[in-house]
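Enquirer:
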């Protein structure tokens with residue numbers, strides 16, 4: 019029978035990672051934190067969470083280390099760099115990569131971790147900071163099913179549902195496709211509301227109709243709430259969406275798969291956001 023990780027390390031205290039970590043602390047798991055910026059640790063003052071001077075020191079106090087940093091280079095650095103997680107995590111430990119990165123990055127890091135008797139799962143999340151704070155993130159997990167089950171009590175502090183997709187990398191594939199579809203839907207939402215305006219239908223009222231009809235999408239809700247423009251989303255998430263679309267294009271190219279309409283529409287959205 020697998021044991022539940024009782025000690026959790028968390029790295030990446032941004033707008034989504036911070037509420038995830040806070041939910042872990044509030045759930046009663048002994049938690050150690052590390053952040054590049056000391057200011058990121060300030061909201062945890064007065065909680066039972068302990069700061070660590072390096073990722074290696076954090077890992078030495080953890081059974082499970084959750085990583086929620088921005089991109090492939092960041093994940094690789096905090097895991098394998100000088101003073102990284104793999105320099106301190108004891109044999110039998112687990113790493114959960116919550117970041118959205120290339121599946122091959124997770125596969126490569128999983129092989130390196132396995133050489134130290136450490137298991138890595140990829141567990142990207144969807145929902146954003148508000149969903150994390152409310153415990154309703156979606157976790158898309160890839161890796162050994164028993165290890166994912168071992169992590170479920172911790173993941174459940176901030177996520178529902180927690181879905182196992184397959185081997186290491188499968189969670190990243192699912193997350194990238196989710197983000198490509200969201201990006202594609204941004205382009206179609208902007209176009210639909212612009213077409214309504216051209217046909218003398220108020221875009222604000224049209225958005226209210228469409229978000230309650232069969233054409234509804236989360237992207238349409240965001241565009242409608244922004245008055246029919248993509249500018250707010252571009253400022254907040256344009257760079258990250260560009261990263262994810264590019265990663266998906268690399269995956270499809272390597273697999274010899276057709277890019278199709280979703281990627282074409284996603285690239286149109288990137289153009290609208292000046293991220294092409």
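Numbering (the working numbering), first residue to last: 19 to 294. Here a beta-carbon is modelled for each residue, glycine too, at the ideal position from N, C-alpha and C.
Can you list, in chain order, the residues of its chain whose CB lies under 8 Å from that of residue 257, leaving out five sequence neighbours each side?
Expert: 293
Enquirer: Cutting at 7 Å between CB atoms, please list the residues of its own chain near residue 19, excluding the five before and the five after it.
Expert: Per-residue confidence for residue 19 stands at a pLDDT of 43, beneath the threshold of 50, marking its modelled position as unreliable; the derived number appears in the next sentence. Excluding positions up to five away in sequence, the list is empty.
Enquirer: For a test of the three-state rule: what should DSSP assign to residue 19, helix, strand or coil?
Expert: Any reading at residue 19 must be qualified, since the residue scores a pLDDT of 43, below 50, and its modelled position is unreliable; the value itself is stated next. Three-state DSSP puts residue 19 in coil, outside helix and strand.
Enquirer: Which of helix, strand or coil does DSSP assign to residue 51?
Expert: Three-state result, residue 51: strand.
Enquirer: Hey, residue 169 and residue 109: beta-carbon distance below 8 Å or not?
Expert: Not a contact, by the Cβ cut-off of 8 Å.
Enquirer: I'd like to confirm the pairing. Which residues does DSSP put opposite residue 137 in its beta bridges?
Expert: 112
Enquirer: Since residue 85 is in the beta strand (DSSP E), which residue starts that stretch and which ends it?
Expert: 82-85
Enquirer: What's the C-alpha gap between residue 73 and residue 195?
Expert: 30 Å
Enquirer: Rounding to the nearest angstrom, what Cα-Cα distance links residue 105 and residue 95 in this structure?
Expert: 12 Å
Enquirer: Measuring CB to CB, does residue 176 end up less than 8 Å from residue 159?
Expert: no
Enquirer: From residue 255 to residue 88, what distance separates their C-alpha atoms?
Expert: When rounded, the distance between both Cα atoms is 12 Å.
Enquirer: I need the straight-line Cα distance from residue 139 to residue 124, nearest angstrom please.
Expert: Taking the straight line from one Cα to the other gives about 8 Å.
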